[in-house]
Amino acid sequence: MRMFSASMPLLLAISACTNLSNDTQETPASKHAGWFYGECLVINIANLPKGTPVTLVDAEGTENKFLSTIIAPTKNPDKCPPLHKERSGGNTIDGNHFYLISKPEETQFDTTFTYGIAVVLEKNSRSLPISETLDLDNDGTMDSFSVCAASEGINFDIWKAAPYKSEHLWNGYYYLGYDIESDCPEH
Numbered sequence: 136m137r138m139f140s141a142s143m144p145l146l147l148a149i150s151a152c153t154n155l156s157n158d159t160q161e162t163p164a165s166k167h168a169g170w171f172y173g174e175c176l177v178i179n180i181a182n183l184p185k186g187t188p189v190t191l192v193d194a195e196g197t198e199n200k201f202l203s204t205i206i207a208p209t210k211n212p213d214k215c216p217p218l219h220k221e222r223s224g225g226n227t228i229d230g231n232h233f234y235l236i237s238k239p240e241e242t243q244f245d246t247t248f249t250y251g252i253a254v255v256l257e258k259n260s261r262s263l264p265i266s267e268t269l270d271l272d273n274d275g276t277m278d279s280f281s282v283c284a285a286s287e288g289i290n291f292d293i294w295k296a297a298p299y300k301s302e303h304l305w306n307g308y309y310y311l312g313y314d315i316e317s318d319c320p321e322h
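Throughout, this note's numbering is defined as the position within the sequence shown, counted from one, plus 135.
Written as structure tokens, this is what we have:
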């Protein structure tokens, strides 16, 4: 089981909207959580335009976070493994949409950002610090993230505080199409 505090990387795109305000009273940002694998973002938002900012948090537990952008929608399983024939049935449910995203250069970090949680700021003209972007419930504190293996896939979760011990804010699931050993704790 891998658990991450918000100070640790993990990609998460949140499907529940929350409002964010600042001192200049700009239009609040809507935050959405999702997950990524490779250069493929899976999120429950249609029609994200090219260049939409995405904050990625690395599931491998390093301190790396990366600011990414939407490149284009995709239906190509060669570019987006969750769309492969043996996996697509479990990943194309619940209104999920698939996008290609920009990735960091491998030499830039000590990780390849293979998978994790992503957060998208939809229709937002200003950029936010990563700490504010990863505060999905807008309580002034970055939320916590966890990733664990389930029986046939990977669970991505966002928590208000300590994983598995606090309020659960969001869940994403990557269906792999084959059995794996589960390491998710019961909660």
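Beta carbons are placed, not taken as given, at the ideal position from N, Cα and C, and that holds for glycine.
Nearest residue (CA-CA) to residue i, options the options
| i | options | result |
| --- | --- | --- |
| leucine 311 | Pro216, Gly230, Glu267 | Pro216 |
| lysine 295 | Tyr313, Asn273, Cys283, Tyr308 | Asn273 |
| glutamate 321 | Glu195, Tyr313, Ile236, Lys300 | Lys300 |
| isoleucine 252 | Val189, Cys319, Pro184, Leu183 | Val189 |
| proline 208 | Ser237, Ala194, Thr249 | Ser237 |
| proline 184 | Tyr250, Gly275, Leu256 | Leu256 |
| glycine 307 | Lys214, Glu221, Gly230 | Gly230 |
Backbone CA spacing between residue i and residue j [nearest angstrom]
| i | j | result |
| --- | --- | --- |
| isoleucine 315 | glutamate 287 | 6 Å |
| histidine 219 | tyrosine 234 | 14 Å |
| serine 266 | tryptophan 305 | 18 Å |
| asparagine 226 | asparagine 290 | 12 Å |
| leucine 269 | phenylalanine 171 | 16 Å |
| alanine 194 | glycine 169 | 13 Å |
| isoleucine 228 | lysine 166 | 21 Å |
| lysine 214 | glycine 275 | 36 Å |
Cβ neighbours of residue i in the same chain (closer than 6 Å, five flanking residues each side left out)
| i | result |
| --- | --- |
| glycine 186 | Thr204 |
| alanine 181 | His232 |
| glutamate 302 | Lys295 |
| alanine 332 | The first residue shown for the chain is 136 and the last is 322, placing residue 332 beyond what the model contains. |
| glutamate 221 | Gly312 |
Contact set for residue i: own chain, Cβ-Cβ below 8 Å, skip 5 residues either direction
| i | result |
| --- | --- |
| serine 223 | Pro212, Pro217 |
| lysine 210 | Leu218, Phe233 |
Cutoff 7 Å; reference residue i; Cβ partners in own chain excluding five residues on either side
| i | result |
| --- | --- |
| tyrosine 313 | Glu287 |
| leucine 191 | Leu146, Phe171, Lys200, Phe201, Ser203, Phe248, Gly251, Ala253 |
For residue j and residue i, believed in contact at Cβ under 8 Å, the rounded distance
| i | j | result |
| --- | --- | --- |
| isoleucine 293 | leucine 263 | Not quite, the Cβ-Cβ distance comes to about 17 Å (not below 8 Å), so this is no contact. |
So does the stretch 166-186 actually touch the stretch 197-211, counting three or more Cβ pairs closer than 8 Å? yes
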